[in-house]
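Engineer:
Chains as they are written, first to last, in our numbering: chain G, 28 to 719; chain V, 28 to 719.
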């Protein structure tokens with residue numbers, strides 16, 4: 028079998044499915060002019076943000092490309108110019124494809140929201156289908172373009188290191204998309220709630236609120252485009268790490284490289300079937316409809332790869348590692364669900380603690396966040412250890428086999444990513460639809476339907492996040508192996524001694540590690556502070572509009588707020604914050620590398636993974652618990668809306684907003700970016716560093 | 028020079044100074060019957076808690092002693108019975124001395140508070156002197172007993188491993204004292220504030236509040252006994268780690284062992300002189316009086332050791348490592364001050380953000396907490412790396428020299444610990460004095476004086492905490508070296524291959540590390556939840572008393588609340604929580620060791636240090652920032668008392684309470700306990716583990 032061609036064909040099939048789903052969504056009826064008008068405002072806002080973001084990122088990408096041509100993988104005056112140019116091209120393609128996937132996601136999401144809203148006046152299943160199929164376009168586009176991109180770069184350059192360049196392009200874009208989108212969405216969300224719900228007591232999506240459109244735009248740019256870029260990045264990074272190790276193992280046979288392409292193609296195929304099977308059955312329960320698709324995909328993938336492995340002569344033990352990853356990913360997803368599901372103890376306890384005031388909401392939710400790190404960390408640890416032992420000794424001449432097992436475990440965890448993204452992008456679409464139903468006055472029944480669809484989206488989102496963090500964790504461990512392989516290649520070229528590993532008792536490793544621990548903390552703080560600063564600015568603007576625009580507060584006919592001003596504040600602020608945070612990350616990696624060399628970087632990556640996973644899980648899950656505790660109270664428990672518990676739960680939710688939607692999920696990408704920068708610059712660190 | 032004898036003589040001198048200071052404090056005038064009555068209630072409450080705590084801990088110590096006799100350092104049927112008995116005795120002595128130091132601290136603190144309160148009616152300097160000299164009794168007692176204990180165990184057993192047993196005794200007691208005291212103090216503090224200040228609007232130390240005595244008892248058992256046990260533990264652990272490595276290096280000459288005893292003796296001597304020089308000068312500023320003592324001690328120590336080093340033929344490079352630790356410890360202390368000082372940006376920004384509500388108080392304070400980890404982690408990293416390189420190659424035949432350098436750096440950081448404890452115990456004494464002034468109606472001038480003394484105590488406390496965390500971090504790195512030495516000795520005995528280090532690419536090390544990262548999170552969550560649960564119970568009890576005791580709320584003459592009931596709730600709850608948290612820590616260490624062997628434990632300790640330092644610094648500093656932001660608002664800024672900002676700042680302070688006084692500082696001890704358990708059981712892990 029010519030696996031690269033198969034991978035490209037499956038990717039094209041995914042694009043075909045995406046195009047068909049897009050057409051289907053577009054063909055759904057829409058007639059209400061008010062919904063259409065507001066839908067257009069959201070679309071315009073999202074495109075404005077994306078346009079401005081991409082303009083800045085284009086400059087960034089251009090500068091980095093020049094630096095790559097000059098310095099990576101080797102300074103141009105030392106290595107070959109063509110290798111550097113190839114790397115720069117891979118980098119540009121990686122960022123371009125990531126941007127394209129985001130653009131496609133936004134394009135369909137801002138149509139599907141309108142369709143889903145209107146369909147809600149008709150039936151739940153129709154409304155669900157618009158949301159789910161809209162999300163699936165994003166899922167198919169992301170996985171299709173990552174698979175086709177990786178395969179193409181590999182075929183054209185014949186070199187796995189260039190795939191790392193491609194992956195770095197995807198990651199640096201994801202870092203900005205996730206961080207920028209995250210700051211945007213929470214700025215708008217918090218400000219809209221603070222003035223609307225808390226101060227004035229008007230409903231969530233009241234059209235009088237000047238921040239309401241920005242809030243809906245935020246769902247799209249943060250949750251659709253941002254999350255898509257994030258999982259695009261994880262998926263590409265997992266494939267790159269596996270490919271670098273596979274090439275080292277293959278010894279020219281290409282067998283393991285082929286296995287990667289085969290498994291990822293089968294994963295995409297399973298996701299396509301999973302996506303197409305999505306509909307609400309007789310139960311009428313949207314959550315179980317989404318979960319059913321995930322289970323179908325998971326089981327299909329396991330069966331298909333179990334058939335392919337003997338047929339094409341792949342090694343069963345690598346298959347075992349892949350399935351371990353798949354299984355552990357699912358289990359971790361389910362434990363996140365425990366901490367954020369309102370039928371379980373954590374959410375209910377936080378809601379009940381809220382009766383004693385906001386301090387207890389924060390303390391109990393934060394504690395559950397701390398507890399929640401254990402199952403996920405244990406799962407990642409077991410998965411890494413199990414796949415290591417399963418694969419250790421397959422190739423007795425090499426130490427790389429066991430590391431490759433870990434990489435395959437990451438591939439397994441990410442095999443169903445097409446399905447995961449589809450589920451995840453469904454969330455903000457139906458959330459938007461709910462807003463449109465309210466703003467367009469489509470009636471109580473439609474509101475009830477979209478409420479239920481929205482709530483299913485929230486549950487699924489919590490699971491996806493646990494999944495995304497774990498996949499990133501496992502991927503980065505594999506990348507650490509890839510980094511060592513790259514660094515050793517450079518060390519051999521320089522005639523230096525290769526490194527066997529990263530001993531924590533080595534002072535350079537230890538120093539790198541302890542600095543690496545601090546990085547996710549600093550990065551998170553910058554983003555949270557960014558949201559904080561930005562929200563203060565937007566709150567001021569909302570107050571100004573209510574004060575200065577006559578008739579706005581009273582809801583006088585024909586008076587509309589200046590939505591654009593709020594979108595502008597969110598955009599400008601987000602772009603400022605994302606650049607600063609991203610640059611700090613990249614520069615600190617370079618600083619540690621040039622000071623302490625490859626050993627310090629090995630420690631740095633390790634410390635970064637450890638504290639990154641800890642903080643990402645803590646913030647993601649605590650945020651989810653607070654969010655759902657608030658919803659649980661609003662559903663009439665512990666005193667319901669307007670009670671002491673409710674006011675406290677709102678505080679928890681506001682604290683949780685930037686935790687779970689800005690800082691937490693951005694850390695995934697931050698970890699990957701650090702590791703990729705380190706891998707790409709390993710040649711530089713090997714030849715020049717002050718202490719190394 | 029016979030250094031063990033010198034060390035014992037200096038320790039006895041410290042006890043003499045402590046006795047003199049105790050007599051001095053006791054001889055201060057006290058006449059007010061109301062102050063005496065309340066002082067007695069506090070004393071009784073503290074002794075009740077300590078009595079019940081020590082009773083439970085005695086059972087725990089007895090059980091562990093039996094286990095030690097049976098299993099440590101080797102199962103009794105394999106090794107020698109006398110070694111095991113010696114270890115058990117060292118363990119019992121370590122815990123007994125730690126308990127004694129706590130007992131002495133409480134005894135003097137509950138007299139000094141009354142004296143300081145009454146002296147405040149007279150002059151600030153007199154009031155200060157009672158507080159400071161009371162605290163110094165604790166400082167002298169802790170350092171004297173740790174030095175005499177370590178020296179005696181070393182002399183009698185001639186074996187550094189037994190010193191580890193002594194250290195484990197000190198640590199396990201410290202774990203319980205810190206965690207139990209922390210839960211007690213914050214249960215009382217939060218409940219008293221919640222009902223008193225927030226619900227009823229009565230002042231902080233109003234005698235009508237049933238929790239007010241428990242709150243004052245909490246200051247003593249949490250901050251005096253708990254912090255004392257914590258620093259006793261760090262100090263002993265640093266000495267043990269250094270001694271284990273020194274014995275390996277000495278080759279029978281005893282030179283490095285002597286150096287440790289010499290330096291620690293000189294450190295204690297410097298602290299004695301520092302303590303005796305303490306008084307408020309013409310400036311009338313208590314903060315600068317405290318800082319002046321610290322600077323005197325620091326400079327004296329540097330000079331004395333610089334003289335001793337050539338005179339007694341110690342190695343200058345080890346001296347260099349010691350001074351690096353001393354210097355970095357001071358710098359880290361100053362950076363903590365930046366984050367918690369109300370003249371600096373963080374506190375003021377949090378206060379200003381509070382105007383937008385409690386969510387912004389939490390978000391901004393949490394962000395500063397995240398930022399604050401960088402300087403401390405960088406300091407620890409630089410200190411470890413610098414001392415490693417300074418000492419690497421002193422003994423070309425050994426790899427231990429560089430690790431010993433790190434241990435000496437920890438010794439340097441802890442050399443001034445006598446002074447640090449004195450400053451630290453000063454805080455709760457004057458805090459208590461302030462309460463007594465208010466409850467005893469000693470007048471506005473006395474209240475102003477004790478307010479100022481209290482505020483100086485808070486500033487110093489923040490610095491001490493940064494110092495304590497960093498010292499624990501550096502100590503545990505040295506202990507990791509000691510662990511490897513111990514494990515290798517066991518491996519050699521078993522005829523197995525020794526380990527050269529802990530490579531993060533090794534699956535067992537990695538697995539241990541990722542589980543180790545989760546432990547401080549779980550431990551913190553248990554303690555925070557413990558405070559949360561306990562405070563809910565106490566709030567109920569306070570409400571009951573206000574409802575059921577006629578005339579209490581109105582402050583009718585002669586009506587007193589049932590203070591004992593609140594003390595009882597805090598005690599029972601604290602004891603329950605501390606046992607659970609402590610046992611989880613010890614069992615998880617054993618589980619990882621018996622599953623993954625010494626390599627997994629190496630990783631486990633490393634992961635534990637990394638996440639422990641991160642969380643301890645985050646929680647300690649965020650808590651300090653919130654506390655001082657509230658005080659800053661109460662001083663009339665951002666709207667002052669009763670404003671929106673004030674209500675929000677109170678929420679921040681309540682969240683910060685268990686962060687900074689329960690979970691944060693307990694993590695220091697938790698890290699040490701894990702490492703010591705691992706070191707002591709290294710022989711067991713080496714001979715039996717499932718995967719190792």
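Glycine residues also receive a C-beta, built at the ideal position from the N, C-alpha and C atoms.
Counting only beta-carbon atoms, is residue 236 of chain V nearer than 8 Å to chain G?
Structural biologist: Chain G contact via Cβ: absent.
Engineer: Taking the alpha carbon of residue 471 of chain V as the point to measure from, which residue in V/93, V/145, V/389 has its own alpha carbon closest?
Structural biologist: Nearest option by C-alpha distance: V/145.
Engineer: Could you pull the DSSP bridge partners for residue 530 of chain V from this structure?
Structural biologist: In DSSP, residue 530 of chain V forms a bridge with G/530.
Engineer: Report the option in V/566, V/102, V/685 whose CA atom is closest to the CA atom of residue 592 of chain V.
Structural biologist: Among V/566, V/102, V/685, the Cα nearest to that of residue 592 of chain V is on V/566.
Engineer: Mind listing which residues of the stretch 292-321 of chain G have their C-beta closer than 8 Å to chain V's C-betas, in chain order?
Structural biologist: Answer set for the stretch 292-321 of chain G: empty.
Engineer: Helix, strand or coil: how does DSSP classify residue 632 of chain G here?
Structural biologist: Reduced to three states, the DSSP call for residue 632 of chain G is helix.
Engineer: Helix or strand or just coil, what does DSSP make of residue 458 of chain G?
Structural biologist: Reduced to three states, the DSSP call for residue 458 of chain G is helix.
Engineer: Expressed to the nearest angstrom, what Euclidean distance is found between the alpha-carbon atoms of residue 358 of chain G and residue 406 of chain G?
Structural biologist: For residue 358 of chain G and residue 406 of chain G, the distance between alpha carbons rounds to 8 Å.
Engineer: Once you ignore the five residues that flank residue 628 of chain G on each side, which residues in its own chain have a CB closer than 7 Å to its CB?
Structural biologist: Closer than 7 Å at the Cβ level, and outside the excluded window around residue 628 of chain G, lie 539, 619, 620, 705, 712.
Engineer: Please classify residue 104 of chain G as buried or exposed, where buried requires at least 16 other C-beta atoms within 10 Å of its C-beta.
Structural biologist: The residue is exposed, with fewer than 16 neighbouring Cβ atoms inside 10 Å.
Engineer: Near residue 369 of chain G, what residues of its chain come up, given a Cβ to Cβ distance below 6 Å and the 5 sequence neighbours on each side ignored?
Structural biologist: Once the five neighbours on either side are set aside, the close Cβ partners of residue 369 of chain G are 655, 659.
Engineer: For residue 50 of chain G, count neighbouring C-beta atoms within 10 Å of its own C-beta (all shown protein chains included) and say buried if the count is 16 or more, exposed if not.
Structural biologist: Per the 10 Å Cβ criterion, exposed.
Engineer: Residue 131 of chain V: buried (16+ other C-beta within 10 angstroms of its C-beta) or exposed?
Structural biologist: It is buried - the Cβ of residue 131 of chain V has at least 16 other Cβ atoms within 10 Å.
Engineer: How would you write the range of the alpha helix (DSSP H) that residue 437 of chain V sits in, first residue to last?
Structural biologist: Start and end: 427-441.
Engineer: What residues in the stretch 690-715 of chain G bring their beta carbon closer than 7 Å to a beta carbon of chain V?
Structural biologist: Correct list: empty, as no residue qualifies.
Engineer: Whose CA, out of V/377, V/201, V/502, lies closest to the CA of residue 430 of chain V?
Structural biologist: Of the listed residues, the one whose Cα sits closest to residue 430 of chain V is V/502.
Engineer: Does chain V have any CB closer than 8 Å to the CB of residue 400 of chain G?
Structural biologist: With 8 Å as the cut-off, residue 400 of chain G counts as an interface residue toward chain V.
Engineer: Exposed or buried, what is residue 343 of chain G when buried is set at 16 or more other beta-carbons lying within 10 Å of its beta-carbon?
Structural biologist: Classification of residue 343 of chain G: exposed, given that the 10 Å Cβ count is below 16.
Engineer: Mind pulling the chain V residues with CB within less than 8 Å of residue 533 of chain G?
Structural biologist: The contacting residues are 528.
Engineer: Indicate the three-state DSSP secondary structure (helix, strand or coil) for residue 604 of chain V in the structure shown.
Structural biologist: Reduced to three states, the DSSP call for residue 604 of chain V is helix.
Engineer: Strictly below 7 Å CB to CB, what residues from chain V border residue 269 of chain G?
Structural biologist: Ordered by position in chain V, no residue passes the 7 Å Cβ test against residue 269 of chain G, which lies about 16 Å from the chain.
Engineer: Residue 70 of chain G: buried (16+ other C-beta within 10 angstroms of its C-beta) or exposed?
Structural biologist: By the neighbour-count rule (16 or more Cβ atoms within 10 Å), residue 70 of chain G is buried.
Engineer: What is the residue span of the alpha helix (DSSP H) that residue 505 of chain V lies within?
Structural biologist: Looking at the DSSP string, the run of the alpha helix (DSSP H) that includes residue 505 of chain V is 471-520.
Engineer: Suppose contacts are defined by Cβ-Cβ distances below 8 Å. Is residue 707 of chain V in contact with residue 195 of chain V by that definition?
Structural biologist: Yes, these two residues count as a Cβ contact at 8 Å.
Engineer: Let me make sure I understand the geometry here. Which of V/468, V/276, V/509 has the alpha-carbon closest to that of residue 424 of chain V?
Structural biologist: The residue with the shortest Cα to Cα distance from residue 424 of chain V is V/276.
Engineer: With the cut-off set at 8 Å, would you say residue 509 of chain V and residue 432 of chain V are in Cβ contact?
Structural biologist: No; because the gap between Cβ atoms is not below 8 Å, this pair is not in contact.
Engineer: Could you tell me the alpha carbon to alpha carbon distance between residue 122 of chain G and residue 198 of chain G, rounded to whole angstroms?
Structural biologist: If I take the Cα positions, the gap works out to 8 Å.
Engineer: Could you work out which residues of chain G lie near residue 155 of chain V, taking near to mean beta carbons separated by less than 9 Å?
Structural biologist: None at all; the shortest Cβ gap to chain G is about 33 Å.
Engineer: Below 7 Å CB to CB, which residues in the same chain sit around residue 15 of chain V once its five sequence neighbours on both sides are set aside?
Structural biologist: This structure gives no information on residue 15 of chain V, because the portion of chain V shown stretches from 28 to 719.
Engineer: Who are the near neighbours of residue 306 of chain G in its chain, counting only those whose CB is closer than 7 Å to its CB and skipping five residues on each side?
Structural biologist: Once the five neighbours on either side are set aside, the close Cβ partners of residue 306 of chain G are 152, 156, 316.
Engineer: Cα separation between residue 38 of chain V and residue 445 of chain V?
Structural biologist: Answer to the nearest angstrom: the Cα atoms are 11 Å apart.
Engineer: Does any residue of chain G have a CB that is nearer than 8 Å to the CB of residue 107 of chain V?
Structural biologist: No, residue 107 of chain V does not count as interfacial toward chain G.
Engineer: Between the stretch 285-303 of chain G and the stretch 318-332 of chain G, can you find at least three pairs of beta-carbon atoms closer than 8 Å?
Structural biologist: The stretch 318-332 of chain G is in contact with the stretch 285-303 of chain G.
Engineer: Can you find at least 3 beta carbon pairs, one from the stretch 684-698 of chain G and one from the stretch 541-553 of chain G, that sit closer than 8 Å?
Structural biologist: Flag = yes, the stretch 684-698 of chain G and the stretch 541-553 of chain G touch.
Engineer: Using a Cβ cut-off of 9 Å, pull out every chain C residue sitting near residue 542 of chain G, in sequence order please.
Structural biologist: Of the chains in the structure shown, none is chain C; the protein chains are G and V.
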